[in-house]
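Going by my numbering, the sequence shown opens with residue 21, and the numbers climb by one from there.
In what follows, a single structure is set out as structure tokens and then discussed.
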Amino acid sequence: MSVVKTRIGIAVLLLAGCVTSRVQGQQYSWQHLPRVNKPEFKKDTINILKYGAKADGITLNTTSINKAISACSAKGGGVVLIPQGLWLTGPLVMKSNVNLHVSRAALLQFTDDKTQYKLVEGNYEGHAAVRNESPISGTNLTNIAITGEGIIDGHGDVWRAISKERLTEAEWKKLVASGGVVSENGKSWYPSESYVKGLKTPGAGVIGNGKTIADNEPFKDFFRPNMLVLTNCKKVLLQGVTLQNSPAWDIHTLLCEDLTVQNARVRNPWNAQNGDGIDVESCRNVLIEGSTFDAGDDGICIKSGRDEEGRKRGKPTENVIVRNNVVYRAHGGFVIGSEMSGGARNIFVSNCTFIGTDIGLRFKTTRGRGGVVENIFIKDIAMKDILHEAILFDMYYGGKSPGEADDINDRAVVPVTEATPSFRKFYVNNVVCNGAEKALMIRGLPEMGIKDIHIENSTFKTVKGADVIEAQNIFLKNIHLESKETSPLINIQNSNNLAFDHITYGNTELLFKVSGKKSQQIKLLNTDAVKAKNKAEFASGATKNAITGSN
């Protein structure tokens, strides 16, 4: 069991950097981070030209490149060299002890001929599912790498559906003229009739219940592959390369150990459906550093399986370092969830910048997931032009959240079971956000509040302040909130044991709105409450005794 040693006193909060995490006898902290082992390779190099590859942009080099990879592995490993040029290819399968090196000025272009990608049993969004073969894949391998300064392009535009509203008029006309299918209402474009059939068929792609892979052939185009999928691999390195234009997720690592991503560039169009940058699922000992992610969905995402299937797998993503990265335009800069049923723990995120993302730090789950997310350490984060929340903890992802007009004291409480998710023990220090709709949203479940969240030494310039809903043990210290809408600045619903220590703010109409009978033990420390026109308003059974401290 994980134990985070903290001082629980309300008046004195620990800096996140001083907190440690102990799991299975191993103690981690900012001073003692998890160790990630890198692969090593023989210097022997095989040029794909040796196996007849041609850089003419016309010849399909699938067989030549795969032969080079297999030959290299059979000889004990080494480097397979993709030299300068445009290399058209179909699916490539990695082998143990091989470093696939994509040279600078080399473009490894995956074909748009979908017949080259056979249907296989894969994994998608936390479930076993039928998928098209990934452009690059590897299973049960040891000591592998993809390196170099070249570009790997997944030709994802021929796989993805898209809404008309996400394109300019000229882009829409060009896309429609290229073929495919336009929806009856004229608002969406689909790559083919096969795609549309899959979209309209309940259970398409589900494995089991007497269905075979062959039964899914009529819907083949619907099963968009992730571009790079590595499953149950050890000692993996992705370094220097650009991976772009994926049919779905760009990088998906599942059940891997000792994964390093360094100085990579991961790019998907901003409007790419499910265009995640990297999804690390049920992996341990992971380092992601010095990389840039420009994604159509979540940027850097931690997962561990979905619902009962993920809980049965029982493999958390753990011992992860994410540092010195930049994320553009993604749905979330750094994300955990929503498929986190196996849990996540011992994650260290630092020195990252998020620009133009929907949400900065995003932690999402929902009823039915289960899983415990804990021991999450975050510091030194810069954000600019965030569309929604700078920091979001949300346990209603994909479901109906409590509304403004509902009865706060009569929200449905579901019995706590193994399917009840848990967020706890997050330590966030030194976040600076210049521009967001809201600084902070914490939204737990009535039966399982979000617990033990520490946020310190941070500044937020936003439209709205903070919401704390169904939460316990929330500590904010040395926080500056510069918000335009301040009635209230901080909204609290059915939450207890909260501390606001040294909170500064601009012109404010109402500092606190406190609602719900469970809202108690709210301490205001070292904060000039008189500066606000009104200190607090109480509703739905909350009493004036709920808040104590500064005048």
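Note that beta-carbon positions come from the ideal geometry of N, C-alpha and C, so glycine has one too.
Exposed unless 16 or more other CB atoms sit within 10 angstroms - verdict on residue i
{"i": "L237", "result": "Rather than Leu, the amino acid found at residue 237 in this sequence is Glu. Classification for E237: exposed."}
{"i": "L259", "result": "In the sequence under discussion, the amino acid at residue 259 is Gln, which differs from the Leu named in the question. So Q259 counts as buried."}
{"i": "K25", "result": "Confidence at K25 is low in this model, with a pLDDT of 33, below 50, so its placement is unreliable and no value can be given for it."}
{"i": "T232", "result": "exposed"}
{"i": "V436", "result": "exposed"}
{"i": "P222", "result": "exposed"}
{"i": "E409", "result": "buried"}
{"i": "S183", "result": "exposed"}
{"i": "V434", "result": "exposed"}
{"i": "G77", "result": "exposed"}
{"i": "V550", "result": "exposed"}
{"i": "E11", "result": "No answer is possible for residue 11: it lies beyond the span of the chain, which begins at 21 and ends at 571."}
{"i": "T528", "result": "buried"}
{"i": "S535", "result": "buried"}
{"i": "E394", "result": "buried"}
{"i": "D314", "result": "buried"}
{"i": "D427", "result": "exposed"}
{"i": "D235", "result": "exposed"}
Minimum C-alpha distance to residue i - residue among the options
{"i": "G419", "options": "T65, R389, K399, T262", "result": "R389"}
{"i": "K533", "options": "N265, I166, G561, P155", "result": "G561"}
{"i": "V196", "options": "R186, E185, N205, Y210", "result": "Y210"}
{"i": "G526", "options": "K504, S49, K564", "result": "K504"}
{"i": "S311", "options": "L80, K95, W179, N344", "result": "N344"}
{"i": "Q46", "options": "A552, K564, N305", "result": "N305"}
{"i": "I470", "options": "A459, F446, G455, G485", "result": "F446"}
{"i": "F443", "options": "Y416, S478, K458, T563", "result": "Y416"}
{"i": "T547", "options": "L496, M461, N291, H351", "result": "L496"}
{"i": "S539", "options": "S570, D487, R326", "result": "D487"}
{"i": "G362", "options": "V113, I322, M247", "result": "I322"}
{"i": "G170", "options": "F243, L219, V286, G98", "result": "V286"}
{"i": "W179", "options": "T131, D235, S93", "result": "T131"}
{"i": "L250", "options": "M114, F242, D314, F354", "result": "M114"}
{"i": "S324", "options": "G357, G353, Q293, V347", "result": "G357"}
{"i": "D472", "options": "N291, V202, F397", "result": "F397"}
{"i": "L509", "options": "S515, T524, N449, Q136", "result": "T524"}
Alpha-carbon spacing of residue i relative to residue j, whole angstroms
{"i": "M360", "j": "Q264", "result": "26 Å"}
{"i": "I489", "j": "I512", "result": "6 Å"}
{"i": "V483", "j": "K399", "result": "23 Å"}
{"i": "E424", "j": "T385", "result": "In this predicted model, E424 has a pLDDT of only 49, less than 50, meaning its place in the structure is not dependable; the value taken from the coordinates is given anyway. Rounded to the nearest angstrom, the two C-alpha atoms are 21 Å apart."}
{"i": "V300", "j": "V452", "result": "26 Å"}
{"i": "R333", "j": "N229", "result": "20 Å"}
{"i": "Q282", "j": "I567", "result": "47 Å"}
{"i": "K240", "j": "D173", "result": "21 Å"}
{"i": "K481", "j": "K217", "result": "47 Å"}
{"i": "L120", "j": "L544", "result": "57 Å"}
{"i": "I298", "j": "S154", "result": "15 Å"}
{"i": "D572", "j": "P267", "result": "Not covered by the structure: residue 572. The range shown for the chain is 21 to 571."}
{"i": "H522", "j": "E476", "result": "10 Å"}
{"i": "S84", "j": "R151", "result": "24 Å"}
{"i": "L34", "j": "L307", "result": "Note on L34: pLDDT 39, under 50, position unreliable in the model; the coordinate value appears next. The alpha-carbon atoms of L34 and L307 are separated by roughly 26 Å."}
{"i": "D327", "j": "F61", "result": "39 Å"}
{"i": "G225", "j": "G569", "result": "57 Å"}
{"i": "A75", "j": "I494", "result": "58 Å"}
{"i": "K220", "j": "Y144", "result": "18 Å"}
{"i": "C372", "j": "S208", "result": "35 Å"}
{"i": "A94", "j": "G295", "result": "35 Å"}
{"i": "I68", "j": "I271", "result": "24 Å"}
{"i": "G600", "j": "S212", "result": "Absent from the model: residue 600. The displayed extent of the chain is 21 to 571, so no value can be given."}
{"i": "H147", "j": "L530", "result": "46 Å"}
{"i": "L187", "j": "G98", "result": "44 Å"}
{"i": "R463", "j": "I406", "result": "19 Å"}
Per DSSP, the bridge partner or partners of residue i
{"i": "R333", "result": "DSSP, once it has assigned bridges, lists no residue as partnering R333."}
{"i": "H183", "result": "According to the sequence displayed, residue 183 carries Ser and not His. In the DSSP output, where bridge partners are listed per residue, S183 has S208."}
{"i": "I156", "result": "L112, L248"}
{"i": "S535", "result": "Q513, A559"}
{"i": "I456", "result": "The sequence given here places Ala at residue 456; Ile does not occur at that position. Paired residue(s): none; A456 is not in a bridge."}
{"i": "R444", "result": "K471"}
{"i": "Y144", "result": "H147"}
{"i": "C321", "result": "D299, V355"}
Residue i CB to nearest heavy atom of the ligand HEM below 7 Å
{"i": "N86", "result": "The ligand HEM is not part of the structure shown, which contains no ligands of any sort."}
Min CB distance residue i to chain C below 8 Å
{"i": "T273", "result": "Absent from the structure: chain C. Only one protein chain is present."}
| message | Between the segment 49-60 and the segment 82-90, can you find at least three pairs of beta-carbon atoms closer than 8 Å? | response | no
| At least 3 beta-carbon pairs within less than 8 Å: the segment 316-328 vs the segment 161-169 | No, the segment 316-328 does not touch the segment 161-169.
| message | Measuring CB atoms only, is the segment 242-257 touching the segment 272-279, in the sense that at least three cross pairs come out at less than 8 Å? | response | yes
| message | With three or more beta-carbon pairs closer than 8 Å as the criterion, would you say the segment 368-375 touches the segment 332-342? | response | Counting Cβ pairs under 8 Å, three or more are found: they touch.
| Would you say the segment 118-128 touches the segment 100-109, given that touching needs at least three Cβ pairs under 8 Å? | yes
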